[in-house]
Amino acid sequence: MLKKQVDGQDTGDQILKQVADALRNGLRKTDILCRYGGDEFIFAAVDINKTGVISVCQRIRNDLNHEISPQLKKQGFGISLGALLFTPDTDSSGE
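First residue of the sequence shown? That's 1 in UniProt numbering, and the numbers climb one at a time after it.
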């Protein structure tokens, strides 16, 4: 649950801005970032392998640790990251 639902619009907007900034900083210039839902973001990356995906996720996590204010961290702000690596030879019918 995003803090916006607990502490009001301004707090939620502040958190979303900090998260978006950290995500943009962690991604490559060729990656695409979008806000998918209230507090959900998706990014798409081309020409990337498993090692690259792990590196991007680590940068995002590190950037979020620096961007998010200590006050928000004390209130239990957290992040979950997930990744799906799709290659042209992936057989989507069996996965």
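Cβ atoms here follow ideal geometry from the backbone N, Cα and C, with glycine treated the same way.
Review point. How far does the beta strand (DSSP E) with R35 in it reach, from first residue to last?
Key: Annotation for R35: the continuous beta strand (DSSP E) segment containing it runs 32-35.
Check your understanding: Among the residues of its own chain, which have a CB less than 7 Å from the CB of I32, if the five just before and after it don't count?
Key -> Contacts found: F43, A44.
Exercise for review: Enumerate in chain order the residues of its own chain whose CB-to-CB distance from K74 is below 7 Å, with the five nearest sequence positions on each side excluded.
Suggested key: Correct list: empty, nothing qualifies.
Review point. Do E60 and G26 have their CB atoms nearer than 8 Å?
Key: Before going further, note that residue 60 is Ile rather than Glu in the sequence given. For I60 and G26, yes; Cβs fall inside 8 Å.
Practice item. Excluding the 5 residues preceding and the 5 following G21 in the sequence, name in chain order all residues of the same chain whose CB lies nearer than 6 Å to its CB. Key: Here residue 21 is Asp; the residue named in the question, Gly, does not match the sequence. Around D21: E67.
Review point. Between which two residues does the beta strand (DSSP E) containing I68 stretch?
Key: Careful: I68 lies outside any beta strand (DSSP E) and carries neither H nor E.
**Study point:** Given G38 as reference, the closest of I15, Q58, A83 once Cα atoms are compared
**Key:** For the options I15, Q58, A83, the alpha carbon positioned closest to that of G38 is the one of I15.
Check your understanding: Where DSSP assigns a beta bridge to A44, which residues make up the other side?
Key -> I32
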